Each structure stands twice: as C-alpha cells, then as structure tokens.
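Each remark here refers to the structure printed beneath this line.
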Amino acid sequence: MSPTTVSGEMFAVTDATFEQQVLRHDRPVLVDFWAQWCPPCHMIAPVLADIARDRSGTLTVCKVNTDENVESARRYQIMSAPTLILFHRGQPVWTIVGARPKARLLGELDAVLDRL
Numbered sequence: 188m189s190p191t192t193v194s195g196e197m198f199a200v201t202d203a204t205f206e207q208q209v210l211r212h213d214r215p216v217l218v219d220f221w222a223q224w225c226p227p228c229h230m231i232a233p234v235l236a237d238i239a240r241d242r243s244g245t246l247t248v249c250k251v252n253t254d255e256n257v258e259s260a261r262r263y264q265i266m267s268a269p270t271l272i273l274f275h276r277g278q279p280v281w282t283i284v285g286a287r288p289k290a291r292l293l294g295e296l297d298a299v300l301d302r303l
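To convert, take the position in the sequence shown, counting from 1, and add 187; that gives this note's numbering.
Structure, rendered in structure tokens:
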C-alpha cells in the first residue's frame with residue numbers, strides 16, 4: 188500500500204500500515220496522533236507540514252487519525268490529542284502532548300535527534 192499524502196511531505200498511516208511505515212522505517216519518524224474534532228491538532232498541522240518539508244532528507248513525519256485507527260492509539264496509550272511520538276529503530280524515544288510553536292517544537296525535537 189502506498190502512503191496517502193496529507194500535506195507536503197506528510198502522509199497518513201493506518202493500523203494496517205503502522206508497522207511497515209513507522210516501525211520498520213530506516214530513519215526517525217515523527218508520528219502525529221490527531222483527531223478531526225481537535226482544534227490544537229489543526230493548529231499544529233501546518234507546523235508539522237513545514238517540518239516535514241524542511242527535514243524531508245532526515246526525518247519522516249506522518250499522521251495517525253486516532254478515531255479511525257484505535258489499535259495504534261491504544262498501543263501507544265494516546266490519551267490526548269495531539270500527541271507526537273518520535274520513533275527511532277522501531278522504538279518510541281520521545282513524546283509530547285499538545286501544540287507548540289514551530290521554533291519551540293524544533294528546539295525540543297532537535298535536542299532529541301542530536302542524541303540519536
């Protein structure tokens with residue numbers, strides 16, 4: 188199954204494609220667990236689209252709709268949206284909950300990526 192593009196370099200991941208597109212990916216993957224009804228999710232979406240385009244050579248950014256993909260949401264204990272989880276070599280290595288301005292999100296993300 189080919190990824191469904193959401194915005195820019197971002198794509199949607201489903202329960203069926205999560206293992207292949209996130210856990211088996213050869214570089215870090217930032218997963219946005221979001222919901223259609225969530226205003227902060229819509230606020231952070233353009234920020235994540237910018238990051239996906241700016242970092243397309245080193246970072247993959249994708250989205251999981253938690254209402255449509257309850258297995259992935261349950262597996263990673265998603266209790267609030269948006270929740271961002273950075274995966275590296277199939278393991279979650281960093282999690283944040285809530286929207287952030289781009290500069291703050293990049294600062295936090297880069298601090299983690301620099302340690303990988």
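Virtual Cβ for every residue (Gly too), placed ideally from N, Cα, C. Predicted model only: the values in this text are computed from it and were never measured.
Can you grab the Cα-Cα spacing for the pair residue i / residue j, in whole Å?
i	j	result
residue 156	residue 236	Only positions 188 to 303 of the chain appear in the structure, and residue 156 is not among them; the question remains open.
residue 194	residue 265	In this prediction, residue 194 has a pLDDT of 47, which is less than 50 and means its spatial position is unreliable; what the coordinates show is noted afterwards. Each residue's alpha carbon lies about 23 Å from the other.
residue 260	residue 218	11 Å
residue 273	residue 290	17 Å
residue 295	residue 234	14 Å
residue 253	residue 287	19 Å
residue 262	residue 277	13 Å
residue 214	residue 271	16 Å
residue 275	residue 301	12 Å
residue 246	residue 210	13 Å
residue 223	residue 232	11 Å
residue 281	residue 220	13 Å
On the premise that residue j lies in contact with residue i, defined as a C-beta separation below 8 Å, what is that separation, rounded to the nearest angstrom?
i	j	result
residue 216	residue 251	At roughly 11 Å, the Cβ-Cβ gap does not stay under 8 Å, so residue 216 and residue 251 are not in contact.
residue 243	residue 196	5 Å
Where does residue i land, buried or exposed, given buried means 16+ other C-beta within 10 angstroms?
i	result
residue 285	exposed
residue 292	buried
residue 208	buried
residue 257	exposed
Between which two residues does the alpha helix (DSSP H) carrying residue i extend?
i	result
residue 292	289-300
residue 260	257-262
For residue i, report the span of its beta strand (DSSP E) as first-last.
i	result
residue 144	The question about residue 144 has no answer, for the chain in this structure spans 188 to 303.
residue 209	Careful: residue 209 lies outside any beta strand (DSSP E) and carries neither H nor E.
Report the residue ranges of all alpha helix (DSSP H) runs contained in full by the segment 224-251; include only those spanning at least 4 residues, in chain order. Under the rule that a run must span 4 or more residues, the alpha helix (DSSP H) segments found entirely inside the segment 224-251 read 226-241.
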